[in-house]
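Numbering-wise (the working numbering), the sequence shown opens with residue 228 and increments by one. Quick reminder that beta carbons are idealized off the backbone N, C-alpha and C, glycines included. All values derive from a computational prediction rather than experimental measurement. The block underneath contains the structure these notes are about, expressed in structure tokens.
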Amino acid sequence: MMLTATIFDIQPFSVYDGPGIRTTVFLKGCNLRCKWCHNPESWKKDRQLLFYQEKCINCMKCFEVCPQNAHVVTTDGHEIDRKLCNLCGACTDVCYAGALKISGIKMTVDEVFKRIKAEEKYYQNSGGGVTFSGGEPLLQKDFLKEILIRCKNENIHTAVDTAGCVPYSYFEEITSYTDLFLYDLKAASTQLHKELTGLGNEPVFENLKKLSDLKKEIIVRVPCIGGANLHEIEKIAKLLENISVKKVELLAYHRMGEAKSAALSQEKVTFSTPTKEEMIALKQKFLYLGIPIEYQE
Ligand code: SF4
Ligand code: SF4
């Protein structure tokens with residue numbers, strides 16, 4: 228039987244997820260709940276309906292077609308009664324304002340690989356390849372392994388973007404077929420990691436060390452979130468002293484996830500974006516490691 232995964236996006240021409248131009252495949256489902264997450268639709272593995280209230284033009288077409296009467300008007304305006312919605316998709320088909328979208332589609336290995344191959348000419352010439360991101364792509368490890376093998380059989384460069392908070396046995400399944408790990412480090416202390424993401428970070432650093440000992444190519448990515456983890460960035464640099472990584476990328480927080488949280492009826496938490504000067508100062512903390520450090524504003 229062909230393996231399937233729940234995918235919430237496939238982005239061609241991606242330039243931030245590894246070397247060259249890449250196709251990035253986003254797998255749905257994550258075991259962390261980062262308070263600043265810019266893809267909150269990636270949390271649940273199941274399909275979900277997003278409603279962007281600010282795009283709604285009140286044409287009422289969704290009310291007319293919904294077989295479940297899940298579109299309701301409350302004192303807060305137009306809302307979705309998510310207990311009633313069965314994700315039939317009827318309302319998304321009639322919403323020309325683009326206020327409604329279902330996130331998540333089940334795809335087979337063949338279907339995803341077909342998309343990857345269709346875009347091959349764009350990334351192969353640039354030294355790029357394919358990146359599997361999420362969510363946490365390792366939570367769908369059987370699918371991930373299968374699609375990575377397919378890519379390697381066709382000499383396509385592969386990267387896996389992970390938060391590392393899974394058993395090392397999950398990594399063992401895919402290390403032979405993964406050229407590059409994009410490895411997120413969010414906090415140095417397990418207490419802060421738990422506070423910000425819901426889980427402690429013991430496996431994160433243990434797995435990183437094991438991948439480094441295996442001489443895998445690793446780019447560490449550190450989200451820099453004003454009001455959350457900036458005071459621990461220096462400690463993260465120290466924890467990298469005995470680990471071999473190719474590069475560190477510092478990623479400044481941006482507020483893209485806030486609209487999506489609202490569209491999913493999730494609680495919205497606001498953080499601040501570090502200034503350019505703050506990002507430069509954070510970059511300094513890694514310089515002594517003697518490896519390339521980049522930051523994205
Ligand atoms: S169909 Fe779209 S624009 Fe019209 S009321 Fe529903 S959500 Fe709003
Ligand atoms: S997806 Fe279907 S059930 Fe859910 S709100 Fe839209 S029309 Fe109603």
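Asked	Found
Taking only runs of the beta strand (DSSP E) that begin and end inside the stretch 236 to 273, which ones reach a length of at least 3 residues, in chain order?	249 to 254
Could you check where the beta strand (DSSP E) with VAL300 kicks off and where it finishes?	298 to 301
For HIS420, which of LYS443, ARG482, GLY361, PRO450 has the nearest alpha-carbon?	PRO450
Going by C-alpha distance, which of PHE408, GLY425, GLY453 is nearest ASN434?	PHE408
Along the chain, where does the alpha helix (DSSP H) that runs through TYR484 open and close?	Inspection of the sequence shows that residue 484 is occupied by Gly rather than by Tyr. First-last of the alpha helix (DSSP H) with GLY484: 483 to 490.
Compare the C-beta of ILE507 against all C-beta atoms of chain B and say whether one is closer than 8 Å.	Looking for chain B here will not work: only one protein chain is present.
Take MET506 and list the residues in its own chain whose beta-carbon comes closer than 8 Å to its own, dropping the five residues that flank it on each side.	CYS451, LEU477, ALA479, TYR522, GLU524
For HIS384, is the beta carbon positioned less than 7 Å from some heavy atom of ligand 2?	no
Give me whichever residues DSSP pairs with CYS451 in a beta bridge.	ALA479
Please work out which residues of its chain come closer than 7 Å, Cβ to Cβ, to ASP369, disregarding the five sequence neighbours upstream and downstream, and give them in chain order.	LEU230
Does the distance between the C-beta of MET287 and the nearest non-hydrogen atom of ligand 1 fall short of 7 Å?	yes
Which residues mark the beginning and the end of the alpha helix (DSSP H) in which ILE463 is found?	460 to 466
Quick check: the stretch 319 to 337 against the stretch 352 to 369, are at least 3 beta-carbon pairs closer than 8 Å?	no
May I ask you to report which of helix, strand or coil DSSP gives LEU276?	strand
In whole angstroms, what separates the C-alpha of ILE237 from that of HIS265?	16 Å
When every heavy atom of ligand 2 is checked, does at least one fall within less than 7 Å of the C-beta of GLY316?	yes
Kindly identify the DSSP beta-bridge partner or partners of LEU225.	The chain is shown only over 228 to 524; residue 225 falls outside these bounds and no answer can be derived.
Going by beta-carbon coordinates alone, are SER269 and GLY362 separated by less than 8 Å?	yes
Using only the heavy atoms of ligand 4, determine whether one of them is closer than 7 Å to the beta carbon of ILE307.	With respect to ligand 4, the structure shown offers nothing to examine, as its ligands consist of ligand 1 and ligand 2.
Hey, ASP406 and ALA390: beta-carbon distance below 8 Å or not?	no
For GLU346, which residues of its own chain have a beta-carbon under 6 Å away from its beta-carbon, when the five flanking residues on both sides are left out?	PRO239, THR250
Flag this pair as touching only if the stretch 338 to 354 and the stretch 291 to 309 have three or more C-beta atom pairs under 8 Å; answer yes or no.	no
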